[in-house]
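Residue numbers (UniProt numbering): 1 to 319.
Written out below as structure tokens is the structure these notes cover.
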Ligand code: HPA
Ligand code: ZN
């Protein structure tokens, strides 16, 4: 769907399509444990978040050079642009690369080669958000923030991703305080598989401005009331929720009820190469499965710009 929109929840490593994975594997002499793209695709049957993350981290082995990260980002930006994305706030997971001996500079400079010219080449403005892996230690997150210091002019904010349950936001209080002191914006995944309390903690302890996913807020009426009152944006990812089985079928997704409740929802693709679609595909899928009206779709698109870290003008706010 080509409705102009911003994408606010997108892991660049999750845009690695099987074809590019094999191309990069051949270029870098990396052996993948799959015979071809078809047999790799058959591995895309996930039980939950962890079963997806296992494959997601495994395939990252093919990303080694600046050029690899540049090619990855350019492929995403071209696809996103074709689906109406005009602005993208892109997550990356440096710890997953540092652990394999790929340096922060390789990742950031490589991504930047594509992002720096994206407005011109793809008509998509971009921001980078550096995520900490919540199943790694708090010390490792602090070291990662330190390693990013030479590149802070290219990073708008920090996020928190990977295995949620058992890794509450409070574990990352110190690194979020340090990030805030450096002037970085703050977001965090919360309430994807984890309980509503993790959403409350992300707001109260980490000071986040948006909640990534946030789906499980619907279990707490007080929390919903707070999110509505404070206009806290939620970056929902409907196709991801189905593939990772947080929602049984798309027709059961709580998005319409969440919009009716007054929550500031946005629709995003999360890891589109793995979950069956890019931003426009997610819009189309929810329109079809949930019967969303044109007005609701426009609201979602407008929310995506309002919730972005772009400076928005009064005219857009008033619309
Ligand atoms: N949730 C948590 N961590 C992730 C995700 C996700 O959807 N995608 C990539 N890392
Ligand atoms: Zn995500």
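C-beta atoms are modelled at their ideal positions from N, C-alpha and C, and glycine is treated no differently.
Source: prediction; values computed, not measured.
Legend entry - Any non-hydrogen atom of the ligand ZN within 7 Å of residue 93 CB: In this structure, the C-beta of residue 93 stays at least 7 Å away from each heavy atom of the ligand ZN.
Inset, instruction - Report yes or no: do three or more beta-carbon pairs, one from the segment 67 to 79 and one from the segment 4 to 17, lie closer than 8 Å? - result: yes
Inset, instruction - Please state if the CB of residue 106 and the CB of residue 65 are separated by a distance shorter than 8 Å. - result: yes
Inset, instruction - For residue 102, name the three-state secondary structure that DSSP assigns. - result: coil
Legend entry - Within 8 Å, strictly: CB atoms of residue 123 and residue 81: For the 8 Å CB-CB criterion, residue 123 and residue 81 form a contact.
Inset, instruction - State yes or no: is the C-beta of residue 56 nearer than 7 Å to some heavy atom of the ligand HPA? - result: Checking every heavy atom of the ligand HPA against the Cβ of residue 56, one is found closer than 7 Å.
Inset, instruction - Evaluate the contact criterion for the segment 50 to 59 versus the segment 270 to 279: three or more CB pairs, one atom per stretch, below 8 Å. - result: yes
Inset, instruction - Starting from the C-beta of residue 233, find all residues in its chain whose C-beta is less than 7 Å away, skip the five residues before and the five after it, and write them out in chain order. - result: For residue 233, where only same-chain residues beyond five positions count, the Cβ hits under 7 Å are 210, 264, 266, 303 and 307.
Inset, instruction - Consider the C-beta atom of residue 87 and the heavy atoms of the ligand ZN; say whether any pair is separated by less than 7 Å. - result: no
Legend entry - Entirely enclosed beta strand (DSSP E) segments - the segment 78 to 131, minimum 3 residues: 85 to 92
Inset, instruction - Spell out a yes or no on whether the segment 209 to 228 and the segment 178 to 189 are touching, meaning 3 or more CB-CB pairs, one atom from each, closer than 8 Å. - result: yes
Legend entry - For residue 300 and residue 292, the rounded distance between their alpha carbons: 10 Å
Inset, instruction - Evaluate the contact criterion for the segment 189 to 204 versus the segment 143 to 158: three or more CB pairs, one atom per stretch, below 8 Å. - result: no
Inset, instruction - Let me know the beta strand (DSSP E) ranges lying completely inside the segment 167 to 201, each 3 residues or longer, listed in chain order. - result: 185 to 190
Inset, instruction - Could you tell me if the beta carbon of residue 270 falls within a distance shorter than 7 Å of some heavy atom in the ligand ZN? - result: yes
Legend entry - Short Cβ contact (8 Å threshold) for residue 180 with residue 145: no
Inset, instruction - With hydrogens ignored, establish whether the beta-carbon of residue 252 is closer than 7 Å to any heavy atom of the ligand ZN. - result: no
Inset, instruction - For residue 142, collect the residues of the same chain with a Cβ closer than 6 Å to its Cβ; drop the 5 residues on either side in sequence, then sort them by chain order. - result: Excluding positions up to five away in sequence, the list reads 175.
Inset, instruction - Can you tell me the Cβ-Cβ gap for residue 246 and residue 227, rounded? I've got them flagged as a contact below 8 Å. - result: Contact flag wrong, Cβ pair sits at about 18 Å.
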